[in-house]
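What follows is a short report on a single structure.
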Ligand code: HEM
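Numbering (our numbering), first residue to last: 137 to 258.
Have a look at this one:
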């Protein structure tokens, strides 16, 4: 059987590490940290766990996504294009630090970008 994106991300262990690092970077990133600082610890943990599921399920892993849709989640936030780019930058930075090969980074970049319409200005 051919390798899935889930495998290339390092399966559950890789995805858990990646999402934890992305959330840490969001908390340090001045463009978006007010959004995340506004959350309680429970809300941050919830968003973190749902994002791990979203990535695992969407990359072909044996996981069901039980969170809300991207439109439903981000509606009412009026996320700007600059915030969207900042989040994607953090994703790419985390992948670089964790030494994912460039083709895997490019695949994630494409998937992230494809979600822009569902997240920005809603
Ligand atoms: C490719 C980009 C993005 C993806 C894949 C993504 C994914 C997600 C997921 C899966 C959740 C949890 C859903 C749930 O609770 O059921 C979430 C929550 C959240 N996202 Fe995003 N997101 C993205 C971009 C952004 C951007 C650009 C912002 C704004 C800076 C943002 C702000 C938030 C916030 C504040 C929450 C927590 C909402 C809450 O608990 O009510 N996201 N996101």
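Note that the Cβ used here is the ideal one computed from N, Cα and C, for glycine as well.
Under 9 Å, Cβ to Cβ, is there at least one residue of chain D near residue 222? Chain labels in this structure do not include chain D; a single protein chain is all it has.
Using 8 Å for Cβ pairs, my map puts residue 155 next to residue 191. What's the rounded Cβ distance? 7 Å
Alpha carbon to alpha carbon, what distance is there between residue 143 and residue 151? 10 Å
Please go through the same chain and pick out, in chain order, the residues whose beta-carbon is closer than 6 Å to the beta-carbon of residue 256, but skip the five residues on each side of it. 215, 217 and 220
Quick one: what does DSSP say residue 256 is sitting in, helix, strand or coil? strand
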